[in-house]
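Undergrad: Remember, my numbering sits 207 above the position in the sequence shown when you count from 1.
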Amino acid sequence: MRLGVLDVGSNTVHLLVVDAHHGAHPWAAHSEKVVLRLAEQIGPDGALTRAGADGLVEAVGAARASATALAADDLLAFATSAVRDATNAAEVLTRVREETGVRLEVLSGADEARATFLAVRRWFGWSAGRLLAMDIGGGSLELAAGIDEDPEVAVSLPLGAGRLSRDRLHVDPSGLTPPTAETVEELREYVDAQLDPVVEKLAGVGWERPVATSKTFRTLARLAGAAPSSAGLWARRSLTRTGLRQVLGFVRHIPPAQLPELEGVSAGRAHQLLAGAVVAEAVLRRLDVPAVDICPWALREGVILRRLDQLEPM
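1. The beta strand (DSSP E) that contains G211, what's its start and end?
2. How would you call P417, buried or exposed, if buried means at least 16 neighbouring beta carbons within 10 angstroms?
3. In angstroms, rounded to a whole number, what distance separates the CA positions of L512 and S445?
4. Please report the distance separating the alpha-carbon of E215 from that of L515.
5. Is the CB-CB distance between C502 and V391 below 7 Å?
6. I think T287 touches G346, with their Cβ atoms under 8 Å apart; what is that distance to the nearest whole Å?
7. Which first and last residues belong to the alpha helix (DSSP H) in which R513 is found?
8. Going by CA-CA distance only, name the one from L480, R452 and K408 that's closest to L491.
9. On the CB-based measure, 16 or more other CB atoms within 10 Å of its CB, does R476 come out buried or exposed?
10. By the three-class DSSP mapping on this structure, what secondary structure does D342 have?
11. Determine the direct distance from the alpha carbon of L245 to that of L263, and round the result to whole angstroms.
12. Report the rounded CA-to-CA distance for E359 versus T420, giving the unit in angstroms.
13. Can you say whether Q479 is buried or exposed, counting buried as having 16 or more other CB atoms within 10 angstroms of its CB?
14. Rounded to whole angstroms, what's the CA-CA distance from L518 to A335? Just pull it up for me.
15. Could you work out which residue in H229, A235 and L210 is closest to L440 when comparing CA atoms only?
16. Report all residues from its chain with a CB closer than 6 Å to the CB of T447; omit the five preceding and five following residues, and keep chain order.
17. Starting from R373, trace the beta strand (DSSP E) in both directions and tell me its first and last residue.
18. Let me check understanding here. Comparing Cα to Cα, which of A410, W333, K240 and M208 lies closest to V220?
19. I think S343 touches A487, with their Cβ atoms under 8 Å apart; what is that distance to the nearest whole Å?
20. Can you list, in chain order, the stretches of the beta strand (DSSP E) that have 3 or more residues and sit fully within the segment 409 to 458?
21. Ends of the alpha helix (DSSP H) at D495?
22. G336 by DSSP, collapsed to three states: which one?
23. Are there three or more Cβ pairs, one per stretch, closer than 8 Å when the segment 246 to 259 is compared with the segment 282 to 298?
24. Would you decide whether T323 is buried or exposed? Buried here means 16 or more other CB atoms lie within 10 Å of its CB.
25. R321 and W414 look like a contact to me (Cβ under 8 Å); what is the Cβ gap, rounded to whole Å?
26. How big is the Cα-Cα spacing for M208 and V299?
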């Protein structure tokens with residue numbers, strides 16, 4: 208079947224269309240995304256702004272049109288933390304449904320973590336043993352660990368790179384001035400405090416193979432020397448804690464406007480890089496992980512795999 212997956216994330220609205228059937232590797236046939244940065248369009252009252260909602264409706268409508276043009280048999284549409292946490296989420300979801308015909312399913316943080324864990328398990332297989340999966344999004348951080356396809360522990364914390372850049376680093380809109388050392392230290396302390404309740408819980412499950420997914424981790428790994436995207440999907444990539452500390456050490460001194468000059472850093476996410484690096488370093492340090500493997504599959508692939516599992520074998 209041809210399956211469309213529409214991921215309304217905290218940074219982008221991403222449509223992925225894949226050709227797949229039960230028990231098969233899903234192969235991407237089409238991918239398109241719009242950068243909306245919904246996590247940064249939450250007003251002081253906690254509601255998604257009118258401009259943010261307008262952009263969301265337009266992006267979802269365009270994605271549905273693309274899925275229809277590509278003859279997708281089904282469209283799975285879901286939203287994550289930015290919409291989930293908005294105080295006007297119900298109103299926004301109703302508007303999206305009425306104006307585009309697309310019904311967005313709002314995933315809980317735990318469901319995000321479970322779907323991402325499934326994708327990681329399928330990518331690395333049973334020989335990986337107990338897995339630890341970590342994913343830094345725009346609005347939240349997901350952590351999961353276990354031996355099966357469904358993790359024993361799955362948690363979500365409000366430690367997304369976009370959210371923290373807006374609320375904690377107060378990134379200069381001009382991008383010409385990096386955050387002060389005091390501000391970065393305050394962010395590190397905040398992240399550590401948020402991690403306190405889950406460190407022992409995850410350590411109690413244990414793992415043999417720690418894995419990281421998401422654009423944030425891939426960018427940090429590239430800056431630390433991992434293979435570029437041009438090397439292909441199958442290239443092995445990893446990120447060491449030592450390499451991560453070195454990356455954090457230099458990006459904290461670079462004005463956000465100059466970060467896109469670094470190889471592998473996209474202009475749309477450059478201002479979030481420092482916050483993402485602080486979170487990544489804290490997670491690896493607190494969980495005593497010396498290095499992580501980078502998995503190219505994440506939440507979208509997990510949602511696809513879960514849907515394919517529901518199909519009857521051919």
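Even glycine gets a Cβ: it sits at the ideal position worked out from N, Cα and C.
TA: To lay it out plainly:
1. Reading the sequence shown from its first residue, position 4 is the one you call residue 211. R209 to V215 is the span of the beta strand (DSSP E), which, as asked, contains G211.
2. Residue numbering aside, residue 417 sits at position 210 when the sequence shown is read from its first letter. It counts as buried.
3. Locating residue 512 in the sequence shown gives position 305, where the first residue counts as 1. Locating residue 445 in the sequence shown gives position 238, where the first residue counts as 1. Answer to the nearest angstrom: the Cα atoms are 24 Å apart.
4. Numbered from 1 along the sequence shown, position 8 holds the residue referred to as residue 215. Numbered from 1 along the sequence shown, position 308 holds the residue referred to as residue 515. A quick correction: the sequence has Val, not Glu, at residue 215. A direct Cα-to-Cα measurement between V215 and L515 gives close to 20 Å.
5. Taking the first residue of the sequence shown as 1, we reach residue 502 at position 295. Taking the first residue of the sequence shown as 1, we reach residue 391 at position 184. Their beta carbons are not under 7 Å apart, which means C502 does not touch V391 by this criterion.
6. For the purposes of this step, residue 287 is taken as the residue at position 80 of the sequence shown. For the purposes of this step, residue 346 is taken as the residue at position 139 of the sequence shown. Rounded, the Cβ-Cβ distance is 7 Å, consistent with contact.
7. Looking up residue 513 in the sequence shown gives position 306. L506 to D516 is the extent of the alpha helix (DSSP H) around R513.
8. The residue given as residue 491 occupies position 284 in the sequence shown. Minimum Cα-Cα distance from L491 among the listed residues L480, R452 and K408 corresponds to R452.
9. Translated into the one-based positions of the sequence shown, residue 476 becomes position 269. When all chains shown are included, R476 counts as buried.
10. Counting from one through the sequence shown, the residue named residue 342 turns up at place 135. In this structure, D342 counts as strand in the three-state DSSP scheme.
11. One-based indexing of the sequence shown puts residue 263 at position 56. One-based indexing of the sequence shown puts residue 245 at position 38. Spanning the two alpha carbons is a distance of roughly 8 Å.
12. As a working note, residue 359 is residue 152 in the sequence shown. As a working note, residue 420 is residue 213 in the sequence shown. Rounded to the nearest angstrom, the two C-alpha atoms are 19 Å apart.
13. Here residue 479 corresponds to residue number 272 of the sequence shown, with the count starting at 1. Burial call: buried.
14. Indexing the sequence shown from 1 puts residue 518 at position 311. Indexing the sequence shown from 1 puts residue 335 at position 128. Taking the straight line from one Cα to the other gives about 26 Å.
15. Taking the sequence shown and counting its residues from 1, the one referred to as residue 440 is at position 233. Comparing alpha carbon positions, the residue from H229, A235 and L210 closest to L440 is A235.
16. Reading the sequence shown from its first residue, position 240 is the one you call residue 447. Within the same chain, T447 has close Cβ partners A498.
17. For the purposes of this step, residue 373 is taken as the residue at position 166 of the sequence shown. Counting along the chain, R373 falls outside any beta strand (DSSP E), and DSSP gives it neither H nor E.
18. Along the sequence shown, one-based indexing puts residue 220 at 13. Closest by C-alpha distance to V220, out of A410, W333, K240 and M208, is K240.
19. Position 136 of the sequence shown, counting from 1, holds the residue named residue 343. Position 280 of the sequence shown, counting from 1, holds the residue named residue 487. Here residue 343 is Ile; the residue named in the question, Ser, does not match the sequence. Their Cβ separation, rounded to whole angstroms, is 6 Å, which keeps I343 and A487 in contact under 8 Å.
20. Runs of the beta strand (DSSP E) inside the segment 409 to 458: 416 to 420 and 445 to 447.
21. On the sequence shown, residue 495 is found 288 positions in, with the first residue counted as 1. That residue, D495, is in no alpha helix (DSSP H); it is neither H nor E in DSSP.
22. Walking along the sequence shown from the start, residue 336 turns up at place 129. Three-state result, G336: coil.
23. yes
24. As a position in the sequence shown, residue 323 is number 116, starting the count at 1. With 16 or more Cβ atoms within 10 Å of its Cβ, T323 is classed as buried.
25. Locating residue 321 in the sequence shown gives position 114, counting from the first residue. Locating residue 414 in the sequence shown gives position 207, counting from the first residue. 16 Å between Cβ atoms; not a contact.
26. As a working note, residue 208 is residue 1 in the sequence shown. As a working note, residue 299 is residue 92 in the sequence shown. Their Cα atoms are separated by approximately 31 Å.
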